[in-house]
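When you read off a place in the sequence shown, starting at 1, and then add 66, the result is the number in our numbering.
Following: one structure in structure tokens, then a few remarks.
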Amino acid sequence: MQFDADVAVVGLGGMGSAAAWRLAERGVRVLGFERFRPGHVQGSSHGRTRLFRVACLEHPNLVPLAQTSKQLWQELEKRSGTDILQITGGLMIGAADSQVIAGTLAAGRAHGLAIREVPRDELAVSHPQHQGLAPDHLAIWDPEAGVVRPEAGVIAACAAASAAGATLYYDAAVADIELIAGGARVTTSTRTFTVAQVVVTTGAWLGKLVPELPLEPIRTPMTWFAPKAAGDDSFELRNFPIFIRQVADDNWIWGHGSAADEHGVKVGPDRDPNFSSVDPDTIDRSVSPVDSRLISELVETALPGLDPQPTSVTTCMITRSPDGQFQIGRPHDDPRLVVGGGCSGHAFKHATGIGELLAQLACNEKTLVDTDFVNPNRFL
Numbered sequence: 067m068q069f070d071a072d073v074a075v076v077g078l079g080g081m082g083s084a085a086a087w088r089l090a091e092r093g094v095r096v097l098g099f100e101r102f103r104p105g106h107v108q109g110s111s112h113g114r115t116r117l118f119r120v121a122c123l124e125h126p127n128l129v130p131l132a133q134t135s136k137q138l139w140q141e142l143e144k145r146s147g148t149d150i151l152q153i154t155g156g157l158m159i160g161a162a163d164s165q166v167i168a169g170t171l172a173a174g175r176a177h178g179l180a181i182r183e184v185p186r187d188e189l190a191v192s193h194p195q196h197q198g199l200a201p202d203h204l205a206i207w208d209p210e211a212g213v214v215r216p217e218a219g220v221i222a223a224c225a226a227a228s229a230a231g232a233t234l235y236y237d238a239a240v241a242d243i244e245l246i247a248g249g250a251r252v253t254t255s256t257r258t259f260t261v262a263q264v265v266v267t268t269g270a271w272l273g274k275l276v277p278e279l280p281l282e283p284i285r286t287p288m289t290w291f292a293p294k295a296a297g298d299d300s301f302e303l304r305n306f307p308i309f310i311r312q313v314a315d316d317n318w319i320w321g322h323g324s325a326a327d328e329h330g331v332k333v334g335p336d337r338d339p340n341f342s343s344v345d346p347d348t349i350d351r352s353v354s355p356v357d358s359r360l361i362s363e364l365v366e367t368a369l370p371g372l373d374p375q376p377t378s379v380t381t382c383m384i385t386r387s388p389d390g391q392f393q394i395g396r397p398h399d400d401p402r403l404v405v406g407g408g409c410s411g412h413a414f415k416h417a418t419g420i421g422e423l424l425a426q427l428a429c430n431e432k433t434l435v436d437t438d439f440v441n442p443n444r445f446l
């Protein structure tokens, strides 16, 4: 059979743009398809910043993925001449048995990371913005944490993929993927392409193209705030680095200080009862006071130096997996198909590492981490 390419990458957001780049760097013949354009605001890879962490509280195996991502983000910065990754260090605050603290410490121990506990008296001096801490809450400092800029990262990865020989199609929605003998057919509105295998990284749309995967797209507003006091520079990114802070037994807030290209201080909740399951094709992108009600209450309590009324609110989507881990691998071990999705709200920092992992899977190479914890077959 004659193929149009070795691999088609469907969806060129965070994961897909990186996968196309890493595959093309290997000399693989790559086609890439994106229904919008790089850096768009319709999916999950936008919002000016995402938290970057190396001491990954979600699973110790994510640490090598984060370390690889850091190297690749920095490589994209050099190639593109744009600012993508900014290391600020970061605080994790919570009870000793919370996922925020216990997960961070487990990742640090497993990989010998240079994290440290910050004594309460030191925290009160170094980061007085955090108020109302529970008496039993601890603080852990991750010196390799920071922020990564999603729009700039996706645009740079697409440019690197093209420079390495990939052919990328924008404004090209994929209507169907058909697995056929020896390969796959990828159908767009203009033509059908035949490839040896397909990598599907369509974010909230992944469940539409690979419907057997248990995925739940969630509408998730993003919110920014301003200091109450005019001229207060304590909430600038250089003074108020990234954080994840437990605020209830089953919830935490996350955020970071304002940067020059930001709307203000970005703060959001991990969970909000108003976050709703959506169809990504019909999501309501308007905003209302309901979208910021919970986070405004939490900001008023935990960060009283901020005006609890947000300066800006916009919508995003995350796609949850049942266990909160990604879905990366070959469903049913099919050699024609690789998927990357189930971001569960914490994938973008890993996007370049995931792209490398997807390329390794597509090329049948040894993977940089044991992928059992993200293998989609755990659900199938």
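Glycine included, C-beta positions come from ideal geometry on N, C-alpha and C.
Of all C-beta pairs linking the region 98-110 to the region 225-241, three or more are shorter than 8 angstroms, placing the two stretches in contact. The Cβ atoms of Ser362 and Trp290 lie no closer than 8 angstroms to each other.
Bounds of the alpha helix (DSSP H) holding Thr367 are 359-368. Here Gln393 is not near Phe439, since their CB atoms are 8 angstroms or more apart.
Residue nearest to Glu217 within the set Asn317, Trp139, Ala211, Glu124 is Trp139 (criterion: CA-CA distance).
For Pro216, the enclosing alpha helix (DSSP H) has its first and last residue at 216-229.
In the structure shown, Asn443 falls within a helical segment according to DSSP collapsed to helix, strand and coil. Straight across, the Cα-Cα distance linking Ala90 with Ala425 is about 9 angstroms. Secondary-structure assignment with DSSP links Phe414 through no beta bridge to anything. With a beta-carbon spacing of about 6 angstroms, Ala226 and Arg145 fall inside the 8 angstroms limit used to define contacts. Below 8 angstroms, enough C-beta pairs join the region 276-286 and the region 393-411 to call them touching: three or more.
The C-alpha of Asp400 lies about 11 angstroms from the C-alpha of Ile246.
Under the Cβ criterion (8 angstroms, minimum of three pairs), the region 82-89 counts as touching the region 415-425. Secondary structure at Gln152: strand, using DSSP grouped into helix, strand and coil. Rounded to whole angstroms, Asp72 and Arg114 show a C-alpha spacing of 33 angstroms.
In this model, Gln68 and His106 are separated by some 34 angstroms (Cα to Cα). Val313 sits away from Ser324, with the two beta carbons spaced by 8 angstroms or more. Look at Leu245 here: in three-state DSSP terms it is strand. Taken through DSSP and simplified to helix, strand or coil, Ile159 comes out as strand.
The shortest CA-to-CA distance from Phe301 to any of Leu369, Ala222, Asp336 is the one to Leu369. Runs of beta strand (DSSP E) with 3 or more residues, each lying fully within the region 272-355, are found at 282-291, 308-314, 317-322, 331-335, listed in chain order.
Ranked by how close their Cα comes to the Cα of Lys294, the residues Arg215, Val353, Leu372 have Leu372 in first place. Here the alpha carbon of Thr381 sits roughly 27 angstroms from the alpha carbon of Val265.
From the listed residues Pro126, Gly219, Ala180, the smallest Cα separation to Asp149 is found for Gly219. Taking Gly82 as the centre and dropping the five residues before and after it, the same chain places the C-beta of Val75, Thr267 closer than 6 angstroms to its C-beta, in chain order. In the three-state DSSP reduction, Arg88 falls in the helix class (H, G or I).
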